[in-house]
Every structure is written in C-alpha cells, then in structure tokens.
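The block underneath contains the structure these notes are about, expressed in structure tokens.
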Amino acid sequence: MTNSVFDKTEKGREEIATRKHHLAHRLRTLLLLFDGKHATEDILEKVSGIGLNHANIGELLAEGFIHITQTGAQESAETPTPQPPAQQQPEPHAGRTLANGESQFEAIYHFYTETIKSTIGLRGYALQLKVERAGSLDEFRALRQQYLEAVLKAKGSETAKALKMRLDEVLYLGESAPPLTTIAGL
C-alpha cells in the first residue's frame, strides 16, 4: 500500500456529494484527496499534520470508499483506467495531443480537478462536486463559465485568461470555443 494509487469508488463519490454514509470528518477529509493520480505517500504527507496514517487508508479501503488503481510495482500502462461510454470520447483533433492513452473526458476531468484545488481551494468545493458528477463532455462544457468566474474571482484576470486558454484546448480540441457571455475581460 506504500506507493499505491487509490481513487474513490461510487460509494466514495456518493459520500462526498451527500454525506449519506456519515463518514467521520477526518476520514472524509482524507477521502477528498484520493483522485486516482497521487501516490499514498504523497497524500499521507499532506494529512500527517492532522494525525491520519496508513490505518485510516485501510479503513476507507475496507469500507469500500476507495479502490486501488495502481500499485507501486505497476506501470500506469498496465493498469486500465475506467473509460466513459464511447459516445463521450470523440477522436482527438490533430492539432492537440492528449497524454498517452488519455481520453478527452479524462483530460478534462484531470484539468478541472487539479486547477480547482490549486487556484480556487476550498471555495471550489461545490464546483469540484459538479465535476465529479459530470458524465459527458457537454456537462463539462456547461461548467466552463462557472469555473472561469470562480478563477477570476479567486486569482484575477491574468490567471483566468491563462486557464481559459488551457481549458478551451482540452474542452474543444481545436474547435472554436463559444464566447463567454457575462465575464468581462476574458
């Protein structure tokens, strides 16, 4: 479990969205950090200050809130990642290349997840829940304006402009992005 990578199960996502399973606050905090990309040690380093450890990860695993996606010995190419249905994965545009084996859906999900945490922080919690629930490219595109407004408010227009360009690259893969209706200066 030392270098394993975990992701939330459907039960874990449900707990984050609804608190249905009444998970303890500290364990819920830990559950929020599992995204299928970061190794266990990286996550534990972030939460060591509040006394969380491997035993707590074991609890989440045993209760079915997380599942292992990759062990320390496996290469990422050996571990298949869950794929959304085929109609949600259009062929990538020739002008934009996605990471090896990464679908457009996964690239958008990872973009939103990483940048919400790093730019908006806890104020982006509700937006992060919407990203977790999104099941299609159209649903991700519908979040575009709300996301950019939150980034503009949290970090200013320069950061918002830079992230808008990166987001539009992955959301539209070379197609022209629709104009924003209510965000001045972007």
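Numbering (UniProt numbering), first residue to last: 1 to 186. In this text, a Cβ means the ideal position worked out from N, Cα and C, and glycines have one as well.
| Item | Value |
| --- | --- |
| E114 versus D168: straight-line alpha-carbon distance, rounded | 15 Å |
| Beta-bridge pairing of H67 - partner residues as DSSP gives them | D7 |
| CB-CB length for L152 against A142, believed under 8 Å | Not confirmed; about 18 Å, so no contact. |
| C-alpha distance - E78 paired with E149, whole-angstrom precision | Confidence is the limiting factor: at E78 the pLDDT is only 45, short of 50, which leaves the residue's position unreliable and the question unanswerable from this model. |
| R19 versus L163: straight-line alpha-carbon distance, rounded | 31 Å |
| K46 burial status per 10 Å Cβ neighbour count (16 or more: buried) | exposed |
| N-terminal and C-terminal residue of the alpha helix (DSSP H) that I50 is part of | Neither: I50 is in no alpha helix (DSSP H) and is coded neither H nor E. |
| Burial state of N53 (16 or more Cβ within 10 Å) | exposed |
| Buried or exposed (CB count within 10 angstroms, at least 16 for buried), E41 | exposed |
| Helix, strand or coil at A177 [DSSP, three-state] | coil |
| Straight-line gap, H67 to I108 (C-alpha atoms, nearest Å) | 22 Å |
| Counted within 10 angstroms of its Cβ, other Cβ atoms place E158 as buried (16 or more) or exposed | exposed |
| CA-to-CA distance, S48 to A134, given in whole angstroms | 31 Å |
| Element boundaries [alpha helix (DSSP H), containing H110] | 104 to 115 |
| Cβ neighbours of T9 in the same chain (closer than 7 Å, five flanking residues each side left out) | G64, F65, I66, H67 |
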